[in-house]
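Residues in the sequence shown are numbered from 0 upward in steps of one, following numbering that gives the first Met the number 0.
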Amino acid sequence: MEFSKYVACICEGAAEEVIINILLDHDKLIFHRSQLVEEKPLRCRDAKKFEERYLRKGFSDKISVVRILDSRRENFRLSKAYKHKVDVINVITAPEIEMLVIFAENKYMDFKASRKKPSEFCEQDLGFGTVKSKTFTENYFRDVNVLISAIKEYRQISRIPAGECTLADLLK
């Protein structure tokens with residue numbers, strides 16, 4: 000996967016933003032913080048607002064927009080004026096970011112047997128009620144190797160549709 004000189008990394012939620020920041024801080028991604036628009040992940044999910052806030056700054060080169068989100072259906076429609084200046088790459092974290100915690104806890108088989116949603120399993124079986132919170136994610140994945148291992152395991156076990164990108168695809 001190749002990126003433009005400039006990268007806009009848009010994160011859907013707080014947990015995704017923390018995960019991207021952890022990976023950036025440990026130089027584990029195939030792009031660097033210095034390439035990022037504003038040198039940080041962005042929380043602007045609306046294409047029109049993104050155009051207004053960031054694309055009107057007059058970038059000389061093309062921009063790669065990396066969207067970290069859990070929905071395959073969420074559209075990001077840029078106006079015709081910007082379509083040729085932007086490559087959009089969707090990185091899908093579906094079913095949910097809680098799966099990384101389940102893998103990190105080595106509880107995937109228990110999770111499957113439970114037939115619960117990932118959020119319910121994390122809360123009821125693992126005792127983690129705030130898995131998607133910024134504070135929980137920062138503390139839980141302090142060790143970047145635990146995070147990377149969970150991302151890779153998740154990729155291995157998941158049924159990823161052809162052509163779809165995951166967090167594992169962003170790792171060096």
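No residue lacks a Cβ here, since even glycine has one placed at the ideal position from N, Cα and C. Fair warning: this is a prediction, and the values are worked out from it, not measured in the lab.
- Between Ser118 and Ser63, the gap from beta carbon to beta carbon reaches 9 Å or more.
- Between Leu41 and Cys8, the gap from beta carbon to beta carbon is short of 9 Å.
- When secondary structure is reduced to three states using DSSP, Arg42 falls in the coil class, being assigned neither helix nor strand.
- In chain order, Arg32 place their CB closer than 7 Å to the CB of Leu23, counting only its own chain and leaving out the 5 sequence neighbours on each side.
- A distance of 9 Å or more separates the beta carbons of Val143 and Val65.
- In this chain, Tyr53 is not harboured by any beta strand (DSSP E), its DSSP state being neither H nor E.
- For Asn89, the secondary structure class from DSSP, reduced to helix, strand or coil, is strand.
- When the Cα atoms are used, Asp168 and Ser157 turn out to be separated by approximately 13 Å.
- Secondary structure of Arg66 (DSSP, three-state): strand.
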